[in-house]
Amino acid sequence: MNIIFDGISRTKWIQTIVKNRNISIETKEPINLIFNSISNPEEIEPFHIVLLACFIQYLKIKGYHGMIDPQNEDVYSFLKDNLQFDKYFSEETDFIKAKDFSVLNLWKVTEDRKETYSEQVHDFLKNSFFKNKDLSAVKNSLLECYYNIFDHADANGNAFSFTKYNEENQKLYVAICDFGKGIASSIRSKYNVQSDKDAIQMAIEIGISVKSKIHNKGFGLNNILSTLASDDKLRILSNSGFLFAIGGKIKTFDIDFQFNGTLLYYELSIQDIEELEINEIMNLDF
Amino acid sequence: MYTINLQPLMNGKTFPESGTLLFNLIEEKLPNENKIIIDMTDVITLPSMFLNVSIGKFIEIYGVEKLKEKIAFAHISTSQMERLKIYIKNVSVLKQ
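Line by line, the protein sequences give chains R and W. Numbering-wise (the working numbering), the first sequence opens with residue 314 and increments by one. Numbering-wise (the working numbering), the second sequence opens with residue 1377 and increments by one.
Here it is, written out as structure tokens:
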């Protein structure tokens, strides 16, 4: 069986995955994932990579074997040779160093190492590009996302993260995807909300939390939002809702399909982050 | 005055676990110390799942004014302090 990803449109990728999540084939033949009309692998964003990873993991859980088809040699080489994508599913590993050491590779988010990856991203940026910057906000934002997965998502081990640093615009792009129950669904199970898009918007408000765990008080997602610079974007896709935020402005949309899970995609401007300044003693006199 | 070195407290623990430990230690020292210093040497960040069970819990039980009176931070970055202040203000507002 073939599943075709046509082009690089984010919406089309999601739609392709949503359409094929309910496949049921008689024999457990390999499922070839074919990538058409993508001539430059650089166009493949963290967004696409985490979605694809979650989908392949989903197929694996269902007993199918999703394979990157070698037809598109550039994409095949990028995913298989550079990112070593297939090893995440054949070797049951959660992280493999990419062949290109300047790339932070895909990470399968696991509960016992959810703090480790955020440290790796922080240390990577600190050691390579931003020795004197205070990158605590970068680490913080990742931690909030990863804890959200294990506190609320019920993702059953199907969650992936991918970060990419763009040297040209000095932005970090972060994508985190899980095929759990979705933020919107979680919020609606606790609060009386009319729609999934309203539920996602509610989720980023301070104090809103389904309180799945004792340490949940509804500050996590707002922490991420408050870390963004004025031209940084945040996108959250969950169930039948979509949220887009930039420059303090938030827009939400209904979508005409059901995405079971949560996909978070945001960017952080590193160049504007201040230099690290450590204070000897600071009182809370404010 | 009593100093709590936070990094050893956090070593090998999740943020909620170490946050709980911090709260317990603060509560233990509170009656007998006029100031408790939380030393942030080698601690990069204090995410919400740590703060909610430590500083946030302190505010819920004892209030912001007691927090300001009794707690200070050493070797904390300016940006982390700013985030902490915002957190404390938000918790205080929610508490009302």
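Think of the CB as a built atom: it goes at the ideal place given N, C-alpha and C, for glycine as much as any other residue. Everything numeric in this text was worked out from a predicted model, so none of it was measured.
Thinking just about the alpha-carbon of each residue, which of 325(R), 335(R), 575(R), 344(R) is nearest to the one in residue 467(R)?
-> 575(R)
Sequence ranges, alpha helix (DSSP H) only - wholly within the stretch 366-454 of chain R, length at least 4 | 386-389, 400-403, 429-441
Contact list for residue 411(R) against chain W, beta-carbon separation under 9 angstroms = Per Cβ cutoff of 9 angstroms: no residues; residue 411(R) is ~24 angstroms from chain W at best.
Length of the line joining the Cα atoms of residue 446(R) and residue 1420(W) | 12 angstroms
Assigned secondary structure, residue 563(R) (DSSP; H/G/I helix, E/B strand, else coil) | strand
For my contact list, residue 448(R) and residue 455(R) are in at a C-beta cut-off of 8 angstroms; report their separation, rounded to the angstrom.
-> About 11 angstroms separates the two Cβ atoms, so there is no contact after all.
Answer with yes or no whether the minimum CB distance from residue 585(R) to chain W is below 8 angstroms.
-> no
Nearest residue (CA-CA) to residue 343(R), options 319(R), 373(R), 331(R) = 373(R)
Can you pull the chain R residues whose beta carbon is under 8 angstroms from the beta carbon of residue 1421(W), in chain order?
-> 449, 450, 452, 453, 456
Going along the chain, which residues of its own chain have a beta-carbon closer than 7 angstroms to the beta-carbon of residue 406(R), five neighbours each way excluded?
-> 400
For the stretch 1447-1459 of chain W and the stretch 479-492 of chain R, state whether three or more C-beta atom pairs, one from each stretch, are separated by less than 8 angstroms.
-> no
Determine the chain R residues that contact residue 1447(W) at a beta-carbon separation under 9 angstroms, and present them in chain order.
-> 596, 597
Under a three-way DSSP split, which group does residue 462(R) fall into?
-> helix
Under three-state DSSP, which class holds residue 581(R)?
-> strand
What's the call for residue 1458(W), buried or exposed, on a 16-neighbour Cβ count within 10 Å?
-> exposed
Mind listing which residues of the stretch 431-444 of chain R have their C-beta closer than 9 angstroms to chain W's C-betas, in chain order?
-> 431, 432, 435
Along the stretch 1424-1436 of chain W, what residues have a CB closer than 7 angstroms to any CB found in chain R?
-> 1424, 1425, 1428, 1429, 1432
Spell out whether any CB of chain W is found under 8 angstroms from the CB atom of residue 589(R).
-> yes
Using the rule of at least 16 other Cβ atoms within 10 Å of the residue's Cβ for burial, across every protein chain shown, is residue 464(R) buried or exposed?
-> buried
Pull up the distance between the alpha-carbon of residue 1386(W) and that of residue 381(R), whole angstroms please.
-> 41 angstroms
Rounded to whole angstroms, how far is the Cβ of residue 1431(W) from the Cβ of residue 1464(W), which I believe are closer than 8 angstroms?
-> 7 angstroms
Tell me whether residue 368(R) is buried or exposed, calling it buried when 16 or more other Cβ atoms sit within 10 Å of its Cβ.
-> buried
In chain W, what lies closer than 7 angstroms to residue 460(R) by C-beta?
-> 1425
Secondary structure at residue 343(R), three-state DSSP: helix, strand or coil?
-> strand
Does the beta-carbon distance from residue 555(R) to residue 494(R) come in below 8 angstroms?
-> no
Below 8 angstroms on the Cβ atoms is my guess for residue 517(R) versus residue 529(R); work out the distance and round it to an integer in Å.
-> The Cβ separation is near 14 angstroms, so there is no contact.
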